[in-house]
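**Student:** Take a look at this one; I'll ask things after.
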Amino acid sequence: MKNILYVAKIALPLLVICTLCAALLAGANALTEPVITENSAKEKHEAIINLFGDTGLTYKTLDCSAEGINGLYEVTLSGGDTAYCADVVSSSKYGGAVNAMVSVDKDGVALDVQIISHSETFMSKYTDETGKYTKIDCISGATYSFDAIRLAMSLAENAVLSLGGAS
Amino acid sequence: MKKGFFANHLKDGILYKNPILVQFIGMCPTLATTTSATNALAMGIAVTVVLAFSNLFISLLRKFIPSEVRIAGYIVIISAFVTVVEMVMHAYFVSLYSALGVFIPLIVVNCLILARAEAFASKNPPIPSLWDGICMGLGFTVALTLLGAIREILGAGSIFGFTFLPEIMHVSMLVLPAGAFIALGFLVAGMNKLMSKFAEKKEDGADV
Chain A
17 MKNILYVAKI ALPLLVICTL CAALLAGANA LTEPVITENS AKEKHEAIIN
67 LFGDTGLTYK TLDCSAEGIN GLYEVTLSGG DTAYCADVVS SSKYGGAVNA
117 MVSVDKDGVA LDVQIISHSE TFMSKYTDET GKYTKIDCIS GATYSFDAIR
167 LAMSLAENAV LSLGGAS
Chain B
227 MKKGFFANHL KDGILYKNPI LVQFIGMCPT LATTTSATNA LAMGIAVTVV
277 LAFSNLFISL LRKFIPSEVR IAGYIVIISA FVTVVEMVMH AYFVSLYSAL
327 GVFIPLIVVN CLILARAEAF ASKNPPIPSL WDGICMGLGF TVALTLLGAI
377 REILGAGSIF GFTFLPEIMH VSMLVLPAGA FIALGFLVAG MNKLMSKFAE
427 KKEDGADV
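Chains A and B are the protein sequences, given in the same order.
Going by my numbering, 151 is the number at position 135 of the first sequence; the sequence numbering is gapless.
Going by my numbering, 413 is the number at position 187 of the second sequence; the sequence numbering is gapless.
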């Protein structure tokens, strides 16, 4: 009985602190979440235009449940050609998540990558000011992080290929 | 509370007990985020905000938190404030958020914050603790911004993103991680020189 009281005396204040902190976070999340969602939608829109270098393109969202795919878009370029763009989440062997937009042509070959967000420490050095990934095969010291980008590209290719198989 | 506490504490935070230049705590963000003055300043402000609020709340709760689990309690409070800062930066300062990236959540393990919680906030009333957080945070910000400015001016020929030196004069090595150690070494040496001059003057004054 004494032991239970002792544990309760320690655990209860911790529980109260955790509850207070959770309430604080819930409040902060309610305030910032809409702004963050809006920003990220805008960023993805700009990424698609940036990847194809075409301000006249239009795109529509496709239904896709392939692995690692957040969203798949069918892009109609201003010249009338069709291509695809995938919003992919992959991860490196160190566990850092990489969110990237990958442009894929209609044959399922990845064309270009733009990193939306990442939790790897090196990457800012190898992307230009628009966030576009400069074309490098690999960086010594960042092999796993670059593997994550390659994985993102192949996930996007697979998603587009599975689309072709279905139709 | 002692007379002159607020002024003395401010001097301690920025000069005599500067967290980076004198105490050498919180080295991870110091070396990693000072590639430019803007990033360094943003990191400094983020740490100051977290430090001030965590100190205030830890001080308010100091009699309520059982001493057996105080570190766990402090870390929960600190990480809550870090997460709030991260959310606010993600929403309103997107470019800074992506520049600082993973180093924002890593503020949780900045030993400066836990050190002030354990050494000061857990033993003192709320207002002095809040002030302690602000002073130490300011000292951290000043040192970080100085280091960031030195590395940015010499390494990239710009200050706060405004370029004024041609590329041929850049010492690119200073922007790389090794450059952080070297620049910090010179900054600390300069600080020690300055401090020893202050100390000499004080002694001279005492003799007269």
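All residues carry an ideal CB built from backbone N, CA and C; glycine is no exception.
These numbers come from a predicted model, not from an experiment.
Give me, in chain order, the residues of the same chain whose beta-carbon lies closer than 7 Å to that of B:Leu-380; leave out the 5 immediate sequence neighbours on both sides.
**Tutor:** Correct list, in chain order: Val-397, Leu-400.
**Student:** Can you give me the Cβ contacts of A:Asn-174 inside the same chain, cut-off strictly under 7 Å, excluding the 5 residues immediately before and after it?
**Tutor:** Same-chain partners within the cutoff: Ala-82.
**Student:** First and last residue of the alpha helix (DSSP H) that includes B:Glu-344?
**Tutor:** No alpha helix (DSSP H) holds B:Glu-344; DSSP gives it neither H nor E.
**Student:** What residues from chain A crowd round B:Glu-393, counting only those whose CB sits closer than 9 Å?
**Tutor:** Those within 9 Å of B:Glu-393 in chain A number zero; the least Cβ separation is about 16 Å.
**Student:** Would you say B:Val-295 lies against chain A (beta-carbon separation less than 8 Å)?
**Tutor:** Judged by the 8 Å Cβ criterion, B:Val-295 is in contact with chain A.
**Student:** Any idea what DSSP makes of B:Cys-361, helix, strand or coil?
**Tutor:** Note: B:Cys-361 maps to helix in three-state DSSP.
**Student:** From the DSSP output, read off the bridge partner residues of A:Glu-90.
**Tutor:** DSSP output for A:Glu-90 lists A:Lys-76, A:Tyr-100 as bridge partner(s).
**Student:** When every heavy atom of the ligand SAM is checked, does at least one fall within less than 7 Å of the C-beta of B:Ser-285?
**Tutor:** Ligands in the displayed structure: none, and consequently the ligand SAM is not present.
**Student:** Can a CB atom of chain A be found closer than 8 Å to the CB of B:Met-269?
**Tutor:** No, because no Cβ of chain A sits closer than 8 Å to the Cβ of B:Met-269.
**Student:** According to the neighbour-count rule (16 or more other Cβ atoms, all chains shown, within 10 Å of its Cβ), is B:Ile-353 buried or exposed?
**Tutor:** By the neighbour-count rule (16 or more Cβ atoms within 10 Å), B:Ile-353 is not buried but exposed.
**Student:** Decide if A:Ala-27 is buried, meaning its Cβ has at least 16 other Cβ atoms within 10 Å, or exposed.
**Tutor:** Its Cβ having fewer than 16 others within 10 Å, A:Ala-27 is exposed.
**Student:** Closest to A:Leu-167 by C-alpha separation, out of A:Asp-123, A:Ala-102, A:Asp-121, A:Leu-179, would be which residue?
**Tutor:** Of A:Asp-123, A:Ala-102, A:Asp-121, A:Leu-179, the residue nearest in Cα terms is A:Ala-102.
**Student:** Do three or more CB pairs link the region 297-305 of chain B to the region 235-243 of chain B at distances below 8 Å?
**Tutor:** With the cut-off at 8 Å, the region 297-305 of chain B and the region 235-243 of chain B do not touch.
**Student:** Is the beta carbon of A:Val-105 closer than 8 Å to that of A:Met-169?
**Tutor:** No; because the gap between Cβ atoms is not below 8 Å, this pair is not in contact.
**Student:** Counting beta carbon pairs with one atom in the region 272-290 of chain B and one in the region 303-317 of chain B, are three or more of them shorter than 8 Å?
**Tutor:** Counting Cβ pairs under 8 Å, three or more are found: they touch.
**Student:** Could you check whether B:Gly-383 and B:Ala-392 sit closer than 8 Å to each other, using their CB atoms as the reference points?
**Tutor:** First, the residue type needs correcting, since residue 392 of chain B is Pro and not Ala in the sequence shown. Against a cut-off of 8 Å, the Cβ pair of B:Gly-383 and B:Pro-392 comes out as a contact.
**Student:** According to a CB-to-CB cut-off of less than 8 Å, which residues of the region 63-93 of chain A neighbour chain B?
**Tutor:** Answer in chain order: no residues at all.
**Student:** So B:Phe-290 contacts chain A; which residues on that side make the cut at Cβ distance below 9 Å?
**Tutor:** Those within 9 Å of B:Phe-290 in chain A are Pro-29, Val-32, Ile-33.
**Student:** Measure the C-alpha to C-alpha separation of A:Asp-123 and A:Val-32 and round it to an integer number of angstroms.
**Tutor:** Cα to Cα, A:Asp-123 sits roughly 57 Å from A:Val-32.
**Student:** Show which residues of chain A have a CB atom less than 8 Å away from the CB atom of B:Gly-310.
**Tutor:** The residue you asked about is not Gly; residue 310 of chain B is Val in the sequence shown. The contacting residues are Leu-40, Leu-41, Ala-44.
**Student:** Can you grab the Cα-Cα spacing for the pair A:Ile-176 / B:Leu-322, in whole Å?
**Tutor:** Reading off the sequence, residue 176 of chain A comes out as Val, not Ile. Each residue's Cα considered, the two are about 34 Å apart.
**Student:** According to DSSP, is A:Leu-127 part of a helix, a strand, or is it coil?
**Tutor:** Looking at A:Leu-127 - three-state DSSP - the assignment turns out to be strand.
**Student:** Report buried or exposed for B:Ala-266, applying the criterion of at least 16 other Cβ atoms within 10 angstroms of its Cβ.
**Tutor:** Buried is the call here.
**Student:** Strictly by DSSP, which residues pair up with B:Phe-412?
**Tutor:** Beta-bridge pairing links B:Phe-412 to no other residue.
**Student:** Kindly list, in the order they appear in chain B, the residues whose Cβ is closer than 7 Å to that of A:Cys-37.
**Tutor:** Within chain B, the residues near A:Cys-37 are Val-302, Ile-303, Ala-306.
**Student:** Could you name the residues of the same chain whose beta carbon sits closer than 8 Å to that of A:Thr-74, not counting the 5 residues immediately before and after it, in chain order?
**Tutor:** Cβ neighbours of A:Thr-74 beyond the five flanking positions: Val-91, Thr-92.
**Student:** Going by CA-CA distance only, name the one from B:Val-276, B:Ala-343, B:Ile-246, B:Val-308 that's closest to B:Ala-415.
**Tutor:** Ranking B:Val-276, B:Ala-343, B:Ile-246, B:Val-308 by Cα distance to B:Ala-415 puts B:Ile-246 first.
**Student:** Taking 8 Å as the threshold (beta carbon to beta carbon), is A:Ser-133 in contact with chain B?
**Tutor:** A:Ser-133 counts as touching chain B.
**Student:** Have a look at the DSSP bridge pairing and note the partners of A:Ser-119.
**Tutor:** A:Ser-119 pairs with A:Cys-101, A:Asp-128.
**Student:** Work out the CA separation of B:Arg-288 and B:Ile-251 for me, nearest whole Å.
**Tutor:** Distance between the alpha carbons of B:Ile-251 and B:Arg-288 is about 23 Å.
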